[in-house]
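So the sequence lines, in the order shown, correspond to chains A and G. Residue 296 in numbering that gives the first Met the number 0 sits at position 297 of the first sequence; the count goes up by one each step and never skips. Residue 170 in numbering that gives the first Met the number 0 sits at position 171 of the second sequence; the count goes up by one each step and never skips.
There are 2 protein chains.
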Amino acid sequence: MEESTSRTTKKKLVAVVGGGLVGSLNACFFAKRGFDVEVFEIREDIRKAKVVRGRSINLALSHRGRQALKHVGIEEKIVSQGIPMQARMIHSLNGKQYPIPYGRKGQVSLSVNNIATFSYYAICRLTEYSTMRLSYCCVFRPDGSKVQIKADLIVGCDGAFSATRKQFLRRSRFNYSQTYIPHGYMELTMPPVNGEFAMKPNYLHIWPRNTFMMIALPNLDRTFTCTLFMPFEDFEKITTGDEVIKFFQKYFPDTIPLIGVDALKRDYFRLPAQAMVSVKCSPYHIDDKCVLMGDAAHAVVPFYGQGMNAGFEDCIVFDEMMEQFNEDFSAVLPEYSRVRVPDDHAIADLAMYNYIEMRAHVNSKWFLFRKHVDNLLHFLMPKTIIPLYTMVTFTRTRYHEAVQRWHWQNKVRSFLKIYASL
Amino acid sequence: MEESTSRTTKKKLVAVVGGGLVGSLNACFFAKRGFDVEVFEIREDIRKAKVVRGRSINLALSHRGRQALKHVGIEEKIVSQGIPMQARMIHSLNGKQYPIPYGRKGQVSLSVNNIATFSYYAICRLTEYSTMRLSYCCVFRPDGSKVQIKADLIVGCDGAFSATRKQFLRRSRFNYSQTYIPHGYMELTMPPVNGEFAMKPNYLHIWPRNTFMMIALPNLDRTFTCTLFMPFEDFEKITTGDEVIKFFQKYFPDTIPLIGVDALKRDYFRLPAQAMVSVKCSPYHIDDKCVLMGDAAHAVVPFYGQGMNAGFEDCIVFDEMMEQFNEDFSAVLPEYSRVRVPDDHAIADLAMYNYIEMRAHVNSKWFLFRKHVDNLLHFLMPKTIIPLYTMVTFTRTRYHEAVQRWHWQNKVRSFLKIYASL
């Protein structure tokens, strides 16, 4: 009761550090609950900025992310700007293409690129740099001067290299890991052909080549963003335009006419390959003062298409607990860490697992056979056997429960295999 | 050739950050090779400081550590100040004691407490705080002023919370993890009885109690340092002197008269339980400029008695590579990371494994049976079957090879077990 009284007399202030995807959405969630919200972002307002090509992996929006957007009333707006992908399209070395469906019909992911179109409930103050102390935000203005803002709650949504998280690292008993994978990524653009998409648009195109691979996602402007994933040492072996073409002729011959010889020779050297990091930590909170969400809490490698979705789901989970504990931060924050850490660790592990699977197994007959068996079992026993990918992408089954269930289903499948062979 | 010429004209400067065990020993190694060495240490000179009780786990010096000390000619000096421990002495709940030998006769670890008696070859400059940039050490004087010292190599030996390592964390593609275990530790002193050790001195005493345990190591002054390892939440449950006594009566009744009721009641509350962290990272170097060793590179939990030994062995391994590559830092540093990372990760994992084994299995008949089988097999096939503990503690077998060999031996043992049961 005291809580609500104080809220009617003076609104509590939530400082959201980071105005990216998760920070912006979180601002909407807190504003909807009636908090004063301030968003602190070091970069220029992305709505005014030019698109920076080559530095943003395309994003796949699926069920969890959509549920979060729906909650603050902007699902339809975002969905209308995405392109549905109904299946993966595998490109073999010999130029053949064959689709692998994600799940049942109607279960689609959306390719979204620039979705920073949230109606900000909050005033977004652009600042040069922001860091946090326990009970206030310390903001550096562009002129170098410092402002301290007393916030009731600090929400760190400042990404994989979070400045907020650095404060956690100074405290004892904070568990933390950052793991870089040996692969880097590079983005290349495939322009439209005669004003139309150069390939079938409603697919996530994949060129699996064992130790490396390329994927392509469609954009609204009818381009594709191609992303090449390859060990850094292989990127570094290619030093001239001719070597780029030779490499593409050997491994991705069908893409050369579509991307264009000149563009390939030029764009390959525009930026060095970018690193990918997997970050895990726990707990996500300090006292009743500060909480981490999104990549700041759990950067994942991009191979399950769940980074943004997991970050958006963080917002719902937190909001559900705010409801449950009557907005009492001292109860919500520990519960959020307790419940959310195992789920975020599970999706980080799954993304790492898929890093191997996408490169190697998508090609193999065994993998395809297993997918078919899974889909068949799901058709026969829709409530008992649900493919892992379906649980992760098209439901809100808790990530760690999806993994547990998957392990159990693998045992069932092994049993059926033995039974069938008798 | 150029190298040696430049060394004769002007000696290269090595800045060792941290004047603890590994930093001091490393200074000796570099000085022996003819480098100018400066050691930077934030704390007071430990040789002049009073012993800080309750903050230092006793150390077990074994083969790897001794080899390193031997290399710089101070093995005998240190060994003369240690107390040999020929076996573990297990204390049951019912007050019975039984020894479990470490290995063959003559294979002993030494209990050492304050071995900061290295003859410093280097000048040890005490400074308030030191951090490092890539090619120089930046030192903060007690008055707050800053000195920059241009060093040819910076060696970060500044412990589990290394300031040097923070510079590594700022760079891309540095893998890092810190994991706190749910247990804390607390040190208690067991004084001599009538001028003699209160228990048999030449043993590592262990009171295994499943979720928690106590150990005691002998000191030269005929005291024992008892270390209680217990989950933080259990430490926090005990809030009064009477509760301490009740707890000891239930779990460590034989130690109450030896530590003393009053001392127990007082010392339990002198300091809060201390946290234990396991740190892994890679690589250990930046270019040809900086390298991490000891706890700065690989803090381990203290349950294999290898923390100091692994750190000392780092110094030998580095020195061996200095010999191999003619002191060319650009060759030595990457090779050091390549070779040493898997070994240090292996000992970190083993220490974590022993964290579970020491508490739970030391008690069990199965564990004792397995030890006997191992020792019997080692007796029958001394070159084929070597117990893991022996390889780790009494040889310089590379840690990761010891682990591989152990896995293989476990398979052999399983096979023998099946064979024996036929």
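Ideal Cβ positions, reconstructed from N, Cα and C, are used throughout, including at glycine.
*asked:* Using beta carbons (cut-off 8 Å, strictly below), is N174 of chain A in contact with chain C?
replied: Any reference to chain C falls outside this structure, whose protein chains are A and G.
*Other residues of its chain near R52 of chain A: CB distance less than 6 Å, five sequence neighbours each side excluded*: Here the model assigns R52 of chain A a pLDDT of 48, short of 50, so the residue's position is not dependable, and the following value carries that caveat. Excluding residues within five positions, none has a Cβ falling inside 6 Å.
*Whole-number beta carbon distance between E37 of chain G and I148 of chain G, since they are thought to touch under 8 Å*: 7 Å
*asked:* Among G:A86, G:G259, G:V316, whose alpha-carbon lies nearest the alpha-carbon of V192 of chain G?
replied: G:G259
*Below 7 Å CB to CB, which residues in the same chain sit around Q66 of chain A once its five sequence neighbours on both sides are set aside?*
I315, R395
_Terminal residues of the alpha helix (DSSP H) in which A26 of chain A lies_ = 20-31
*Taking V278 of chain G as the reference, which of G:M292, G:D286, G:A272, G:R269 has the closest Cα?*
G:M292
_Please classify V111 of chain G as buried or exposed, where buried requires at least 16 other C-beta atoms within 10 Å of its C-beta._
buried
_Nearest-angstrom Cβ-Cβ length linking C225 of chain A and M189 of chain A, presumed shorter than 8 Å_ = 6 Å
*Which residues of chain G have a Cβ atom closer than 8 Å to the Cβ of T178 of chain A, listed in chain order?*
N174, S176
*Please check if any C-beta of chain G sits within less than 8 Å of the C-beta of S23 of chain A.*
no
*Identify every residue that forms a DSSP beta bridge with Y135 of chain A.*
A:K149
*Compare the C-beta of S171 of chain A with all C-beta atoms of chain G and state if any pair is closer than 8 Å.*
yes
*Would you check if the segment 152-167 of chain A and the segment 280-287 of chain A touch, i.e. whether three or more CB-CB distances between them fall below 8 Å?*
yes
*Using three-state DSSP, classify H395 of chain A as helix, strand or coil.*
According to the sequence displayed, residue 395 of chain A carries Arg and not His. Reduced to three states, the DSSP call for R395 of chain A is coil.
*Which value, in whole angstroms, describes the spacing of the CA atoms of I77 of chain A and H70 of chain A?*
13 Å
*Identify whether H406 of chain G lies in helix, strand or coil by the three-state DSSP scheme.*
helix
*Residue(s) in a DSSP beta bridge with R337 of chain G*: In the DSSP output, where bridge partners are listed per residue, R337 of chain G has none listed.
_As a quick exercise: from G:G194, G:T210, G:W206, G:L387, pick the residue whose alpha carbon is nearest that of D220 of chain G._
G:G194
*May I have the straight-line CA-CA distance separating F251 of chain A from F268 of chain A, to the nearest angstrom?*
18 Å
*asked:* Out of A:L270, A:I255, A:D343, which one is the CA nearest neighbour of A298 of chain A?
replied: A:D343
*Could you list which residues in chain A have their beta carbon closer than 8 Å to that of A274 of chain G, in chain order?*
S171, R172
*Hey, how far is the Cα of L227 of chain G from the Cα of F211 of chain G?*
8 Å
*Just the Cα atoms here: how many angstroms apart are L499 of chain A and V402 of chain A?*
Past the boundaries of the shown model lies residue 499 of chain A; chain A is included only from 0 to 421, so the question cannot be answered.
*Pull up the DSSP beta-bridge partners for P191 of chain G, would you.*
Its beta-bridge partners do not exist; DSSP assigns none.
*Helix or strand or just coil, what does DSSP make of E322 of chain A?*
helix
*Is Q96 of chain G closer than 8 Å to M88 of chain G when the C-beta atoms are compared?*
yes
*asked:* So, does the segment 17-30 of chain A touch the segment 309-328 of chain A, judging by three or more C-beta pairs under 8 Å?
replied: yes
_Span separating the alpha-carbon of W407 of chain G from that of P181 of chain A_ = 29 Å
*Kindly list the residues whose CB is nearer than 8 Å to the CB of A150 of chain A, restricted to its own chain and excluding five residues on each side of it in sequence; keep chain order.*
L12, V13, A14, E37, S134, Y135, C136
_Inside the segment 212-283 of chain A only - alpha helix (DSSP H) runs reaching at least 4 residues_ = 231-236, 240-250, 255-258, 260-266
_Whole-angstrom C-beta distance between Q248 of chain G and I237 of chain G, which should lie under 8 Å_ = Rounded, the Cβ-Cβ distance is 12 Å, inconsistent with contact.
*Determine which residues share a DSSP beta bridge with M431 of chain G and list them.*
Limits of chain G in this structure are 0 at one end and 421 at the other, which puts residue 431 of chain G out of reach.
*asked:* By the three-class DSSP mapping on this structure, what secondary structure does G17 of chain G have?
replied: coil
_Closest Cα partner of N218 of chain G within the set G:I244, G:F246, G:L187_ = G:L187
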